[in-house]
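S.K.: Encoded as C-alpha cells, here's the structure I'll be asking about.
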Amino acid sequence: MAKRKIENAPNPDSAQTIRGLDLPTYDGAGLRIGILSARWNSVVCDSLVAGAVEALTSCNVTDITIEHVAGSYEIPQAAQVLLDSGRFDGIICIGCLIKGGTMHFEYISEAVTQGIMRLNLDYKVPVIYGILGCLNEEQAKERAGVNGAGHNSGKDWGITVVESCLLTKKYKKVLGS
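Counting in this note's numbering, the sequence shown runs from 487 upward without gaps.
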C-alpha cells in the first residue's frame with residue numbers, strides 16, 4: 487500500500503519533535519463512516535468535523551453520515567445507537583472539553599473516555615476518540631485549526647478511522663467472520 491501524506495499543517499509541537507502521527511492516505515472506498523459531534527463549543531467541533539471530512543474524502547470515502555448531540559457527555563450513548571444500527575464500519579466521536587474552575591471537566595472527561603473505550607471493545611467496530619481536552623479556548627482553537635492556526639486534529643481522526651476500519655475488515659476476512 488503506497489503511503490502519501492495529505493496536505494496538513496505543521497505539527498504544532500514543532501518539526502523537531504517525535505510527537506505526532508505520520509498520516510498516510512489509505513483507500514477507504516466503500517467504507518461507511520459516521521461522525522458524531524457535540525454542539526457544545528461548536529466553533530471548535532465544526533472545524534474538527536470539517537477536517538475529518540476532508541481527510542475521509544482524500545481516502546475516497548463517500549458514505550459519510552454526520553450527526554450531532556448537545557455535548558460530549560451524550561456522545562457514548564449516541565454512538566451506541568449508531569453502532570446498533572449496523573450501518574457503520576467506523577465512527578468518529580468529536581467533542582471539545584475546556585477546563586473550568588470546577589471538577590466538571592474531570593467528571594465528563596473520564597465518563598466520555600470510558601464510554602468510548604467500552605464501545606470499541608463491546609462492538610468490535612472502530613470508534614475513534616476525537617474529544618479534545620483543553621485547558622483554555624486558545625488550546626482548543628489551535629488543535630482544531632480554527633482560523634488557520636495550529637493543526638486540525640480532525641484530519642488525524644479521519645485517517646485513523648479509515649486505517650482502523652481496513653485493519654478490522656482484513657482480520658474479519660482472515661477469521662471468517
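Note that CB positions come from ideal geometry on N, CA and C, so glycine has one too. Predicted model only: the values in this text are computed from it and were never measured.
1) Give me, in chain order, the residues of the same chain whose beta-carbon lies closer than 8 Å to that of K655; leave out the 5 immediate sequence neighbours on both sides.
2) Mind checking which residues open and close the beta strand (DSSP E) that includes C582?
3) Out of curiosity, what's the CA-to-CA distance linking V611 and S558?
4) Tell whether a beta-carbon distance below 8 Å holds between G581 and C531.
5) Does the Cβ-Cβ distance between I561 and N622 come in under 8 Å?
6) Put R518 into one of helix, strand or coil per three-state DSSP.
7) Under DSSP, the alpha helix (DSSP H) around T543 begins and ends at which residues?
8) Quick check: what's the CA-CA separation for G516 versus G616?
9) According to DSSP, is E493 part of a helix, a strand, or is it coil?
10) Nearest to D549 by alpha carbon, out of I594, E540, E628?
11) Check for me: the beta strand (DSSP E) holding Y615 runs from which residue to which?
12) Assign K491 to buried or exposed, taking buried as 16 or more other Cβ atoms, counted over all protein chains shown, within 10 Å of its Cβ.
13) Compute the beta-carbon to beta-carbon distance between A565 and I594, rounded to the nearest angstrom, for a pair I have assumed lies under 8 Å.
14) For H554, report the span of its beta strand (DSSP E) as first-last.
15) Quick check on S523: buried or exposed, where buried means 16 or more other Cβ atoms within 10 Å of its Cβ?
16) Quick check on DSSP: helix, strand or coil for K627?
17) Please state the DSSP three-state secondary structure of A597.
M.R.: In this structure, then:
1) As a working mapping, residue 655 is identified with position 169 in the sequence shown. Correct list, in chain order: D575.
2) Counted from its first residue, the sequence shown places residue 582 at position 96. Counting along the chain, the beta strand (DSSP E) containing C582 begins and ends at 576-584.
3) Along the sequence shown, one-based indexing puts residue 611 at 125. Along the sequence shown, one-based indexing puts residue 558 at 72. The alpha-carbon atoms of V611 and S558 are separated by roughly 20 Å.
4) Counted from its first residue, the sequence shown places residue 581 at position 95. Counted from its first residue, the sequence shown places residue 531 at position 45. Yes. Within cutoff.
5) Position 75 of the sequence shown, counted from the first residue, corresponds to residue 561. Position 136 of the sequence shown, counted from the first residue, corresponds to residue 622. In this structure, N622 does not lie closer than 8 Å to I561 by Cβ.
6) Residue numbering aside, residue 518 sits at position 32 when the sequence shown is read from its first letter. DSSP places R518 in strand when its eight states are reduced to three.
7) In the sequence shown, residue 543 corresponds to position 57, counting from 1. Taken as a continuous stretch (DSSP letters only), the alpha helix (DSSP H) holding T543 covers 528-544.
8) As a working note, residue 516 is residue 30 in the sequence shown. As a working note, residue 616 is residue 130 in the sequence shown. Near 22 Å, if we compare the C-alpha coordinates of G616 and G516.
9) Mapped onto the sequence shown, residue 493 falls at position 7. With a pLDDT of 49 at E493, under the threshold of 50, the predicted position of this residue should be treated as unreliable, though the coordinate-derived value follows. E493 falls in the coil class under three-state DSSP.
10) For this step, residue 549 is matched to residue 63 along the sequence shown. For D549, the nearest C-alpha among the options comes from E540.
11) Locating residue 615 in the sequence shown gives position 129, counting from the first residue. 613-620 is the span of the beta strand (DSSP E), which, as asked, contains Y615.
12) As a working note, residue 491 is residue 5 in the sequence shown. Low local confidence applies: a pLDDT of 45 at K491 is under 50, so the model's placement there is unreliable, with the coordinate-based value given in what follows. It is exposed - the Cβ of K491 has fewer than 16 other Cβ atoms within 10 Å.
13) Numbered from 1 along the sequence shown, position 79 holds the residue referred to as residue 565. Numbered from 1 along the sequence shown, position 108 holds the residue referred to as residue 594. Wrong, their Cβ atoms sit about 15 Å apart, outside the cutoff.
14) In the sequence shown, counting from the first residue as 1, residue 554 sits at position 68. Taken as a continuous stretch (DSSP letters only), the beta strand (DSSP E) holding H554 covers 549-555.
15) Position 37 of the sequence shown holds residue 523. The residue in question, S523, is buried, as its Cβ has 16 or more Cβ neighbours within 10 Å.
16) In the sequence shown, residue 627 corresponds to position 141, counting from 1. Here K627 sits in helix by DSSP.
17) If you number the sequence shown from 1, residue 597 lands on position 111. It is helical.
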